[in-house]
Structures are given as structure tokens and as C-alpha cells.
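Data block below; observations after.
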DNA sequence: GTAGCATGGTAAG
DNA sequence: TTACCCTGCTACG
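Numbering (my numbering), first residue to last: 13 to 296.
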């Protein structure tokens, strides 16, 4: 679940569910109990995401900083008649009640890597060490380009480096590289600025769609299951993709077997024919 | 039932 | 490089 689009969706959901209202702040699991007690009963001012970081603002220069990590979930339920008792390890529960119809909204956080109370200065420090986030209208893509063009690191690693570009995870990385016919191990400094600009523009569109739909869909209209007469993807991720987690299967475009290789502890996926390591001049 | 893995990142060794 | 956070799914017996 948690690439940048997930956090931006959550920011919107939490703002609409809780902003401007007093909330109960609880930590059934206990690991956030001290901070929860400080915030309990105050008004939520709003929630905002930057990359994969989520900040929920409370009065008095206080922000709950959440990072879901790999397995975290923030389960937001709006306007339900009753609030069920927490199950599992609920580190943070936000709860607001007493809407006009007597219904409740609540949000349960489980499995997160980070759930901590920060000052505004600490929040700003996290944002300052993050790269531009393609989902944010205030993003400056040139900051990312200046890092990429000077780096010998593979573009596949740079895209996942949150200080270069914030919010891209393993799925968007694999799919973006496929869509731009780029080998994941190609060094950053060999990219042309036109290639980077095209990739950034594509990310802005793909991730905005991810925020709208809650899934990562990256196949172009001509490669959808309907267009190609192939069965839709069936797994827990929901979206239609070209190469992510399709190692050994046939590329939807050229039929080659999708390759995989570990890079810095994460799995890369690419099509060796659509994303050649070296492109011959004759083909160009 | 249970082992293994995953859309992530930090901290320790 | 490994542990950890400790969810939730799949594959396998």
C-alpha cells in the first residue's frame, strides 16, 4: 500500500474526518500513550503529506508524524454508527463523535515504523531533507534533476532515494522505468534532461491518478487487459502494471520474460528487450 | 498451521 | 549486512 499516493489520500481523509473538531487521541497498544494523553481532547487542525511522511497538526506547535514503513496501515472510517474495540496492535487511535446524526469517525494506526510527536521545527527538518514530491503542486523538479545529473548511482536507486525524490516506491520505480524504456542500472549522470522531464511529468500524472483511485495503474490504454484480451491481474495490489512482481512472465509489449535482480535490498523488475542496458545507435 | 514475503526506513553491528 | 516494526497475504504441507 504505502507509496506517496497512499499518504496523500490519508491526509485528505484525516482532514475531512477530523479537522476542526475535538478528537480523542488514544494508544490502546501503549507505545504512544504519553503523547496521546497530551493531545487528547484537542482539535485537529489538519493533515498533510510530504512523500511518505504524514503530519497531523494539533494546536500549540505539535504534529503527529507517521511513517507507515512497509507493513503499516492507517485505517480511517468515517461516519460509522459504532466504534468497534481495537484489534491487533493499535498504536494510535483518533476518534471523533457526536456528529449531527450521532455517528463517529475513527482512525486506527497499526504496524507503522514511526509514530511520534514533533514540533514544527522538527517537521520542517524532515521536509528539508526530502526531495521534491511529484504529488505536491509546490514541488521543484529541478532539485531532483540536479542530484540525478551529478550522480553515478543507478537511476533505479536514485528514484527510490527519498532525498532525491519523495514518495516514489518500488512499484512506481519499476513502472516508470518501463514506461520510459530505461534500464534500472543506467547511471544518473547519463540521462538527458529531456528524459528526466518526461519521467517527472509522467510521475506527476501517474501519482495523481493513484491519489484519486487508491491504486497504482500504469499500463497505457492499448495494453489494458480489455484492449489486449488478456486476463486482469489478480493479486492484492489491484493495479495493472507492466513489470512489477512479474518476474519470469511475458512482457505485455514484447513477450520477453521479465527479469528481476536485487538492488540495495529491494527487488528490481524490468524487461530486457524494452529496457535495454545499452541501446544501439542503429535502433535509435 | 505456519513459513516466507512485501508498495520502507532507521539504527545497530 | 541484519534486526526491527509486527500486518496481511500467499504458498505449502
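Beta carbons are placed, not taken as given, at the ideal position from N, Cα and C, and that holds for glycine. Please read all numbers here as calculations on a predicted model, not as lab measurements.
{"Asked": "Integer-rounded CB distance, given that residue 236 should sit under 8 Å from residue 221", "Found": "Not really, about 14 Å apart at Cβ, beyond 8 Å."}
{"Asked": "Any 3 or more C-beta pairs closer than 8 Å across the region 174-187 and the region 254-272", "Found": "yes"}
{"Asked": "CB contact flag (residue 75, residue 33, <7 Å)", "Found": "no"}
{"Asked": "Residue nearest to residue 50 in terms of C-alpha spacing, selected from 282, 31 and 73", "Found": "73"}
{"Asked": "Of the listed residues 86, 103 and 108, nearest to residue 95 (C-alpha basis)", "Found": "108"}
{"Asked": "Three-state class that DSSP yields for residue 58 in the structure shown", "Found": "strand"}
{"Asked": "Cα-Cα separation, residue 69 to residue 61", "Found": "11 Å"}
{"Asked": "Contact check, residue 19 vs residue 64, beta carbons under 7 Å", "Found": "yes"}
{"Asked": "Rounded separation between residue 128 and residue 263 - CA only", "Found": "43 Å"}
{"Asked": "Pairwise C-alpha distance: residue 43 and residue 130", "Found": "15 Å"}
{"Asked": "Three-state secondary structure assigned by DSSP to residue 197", "Found": "coil"}
{"Asked": "Coil, strand or helix - residue 175 by DSSP", "Found": "coil"}
{"Asked": "Given 8 Å, three or more beta-carbon pairs between the region 158-165 and the region 78-93", "Found": "no"}
{"Asked": "Residue 31 (DSSP reduced to helix, strand or coil)", "Found": "strand"}
{"Asked": "Under 7 Å between C-beta atoms of residue 289 and residue 195", "Found": "yes"}
{"Asked": "Start-to-end residues for the alpha helix (DSSP H) that takes in residue 87", "Found": "Unbroken run through residue 87 is the beta strand (DSSP E), 85-92; no alpha helix (DSSP H)."}
{"Asked": "Nearest-angstrom Cα separation, counted from residue 152 out to residue 208", "Found": "13 Å"}
{"Asked": "Per-residue burial, residue 206 [other beta carbons within 10 Å of its own, 16 or more giving buried]", "Found": "exposed"}
{"Asked": "Buried versus exposed call for residue 99 [16 or more other C-beta atoms within 10 Å across all chains shown]", "Found": "exposed"}
{"Asked": "Given residue 28 as reference, the closest of 66, 56 and 198 once Cα atoms are compared", "Found": "56"}
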